[in-house]
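Have a look at the structure below, then the notes.
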Amino acid sequence: DDEFGGDAEGRMRLLREIVPRCRARIGPQRTLGVRMTLDEKTEKGMPAEDMIEICQRLELDGHVDYFSVISGSSSSPGGWIHVFPPMSVAAGFVADDAAKLKQAVSKPVLVAGRINQPQLADEILSSSKADMVGMARALIADPEFVNKMASGRADDIRACVGCNQACVGHRLAHFPVSCIQNP
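For the sequence shown, the numbering used here begins at 159 and goes up steadily by one.
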């Protein structure tokens, strides 16, 4: 109920104040993206349609070069599990959300969220669900993931299995991040 809440304009105010300042600070030569959660996986979250409208408005403002789509929210247990999706969550589960946004904006769309195999990344890109894929835990499991893929050694990649033990679990316990696949 303050100037940063209420209607769509109020809820966008913070972004619309920060993004132009970031662009002014980094200049036009550097790339600036905004990460958005289209599905917070909680009843209390904003609907995907609202998030898509926010992206469309940000695109019209002209300061953003791309959008990065993720899923989940730390505001509820149901949403939290999708922030660091475990093995019980399907690989590449955010790709359909990215496809919805990609159809609504002209800027490139990056998708992240349990993309742990080069074949899956290729499938997402080939089907035009996204323009880029992002990986974090996959690169913790195998820091040579991209080099192995580029040199035709995809079968040698140590895949993230989504156990969340040594990456997320260690981080939350204030220990250095590692991986059971690649200690």
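Quick reminder that beta carbons are idealized off the backbone N, C-alpha and C, glycines included.
Remember, predicted model here, so these are calculated numbers, not experimental data.
From the DSSP output, in three-state form, read off residue i for me.
i      : result
Ala331 : coil
Gly191 : strand
Given a cut-off of 9 Å on the beta-carbon distance, is the pair residue i and residue j in contact?
i      : j      : result
Val247 : Ala270 : no
Gly237 : Lys199 : yes
Val267 : Asp289 : yes
Ser285 : Ala257 : yes
Leu173 : Met209 : no
Cys321 : Pro244 : yes
Which same chain residues, not among the five before or five after residue i, have their C-beta less than 8 Å away from its C-beta?
i      : result
Cys180 : Leu190 and His221
Gly163 : Arg169
Less than 6 Å between C-beta atoms, sequence neighbours within five positions excluded: which residues of the same chain meet that for residue i?
i      : result
Cys318 : Asn274, Arg295, Ala296 and Ala299
Return the CA-CA distance between residue i and residue j, expressed in angstroms with no decimal places.
i      : j      : result
Ser229 : Asp219 : 24 Å
Lys202 : Phe333 : 32 Å
Gln323 : Cys337 : 7 Å
Ala279 : Gly292 : 9 Å
Asp254 : Ala206 : 12 Å
Can you tell me where the beta strand (DSSP E) holding residue i begins and where it ends?
i      : result
Gly292 : Met290 to Gly292
Val269 : Val267 to Ala270
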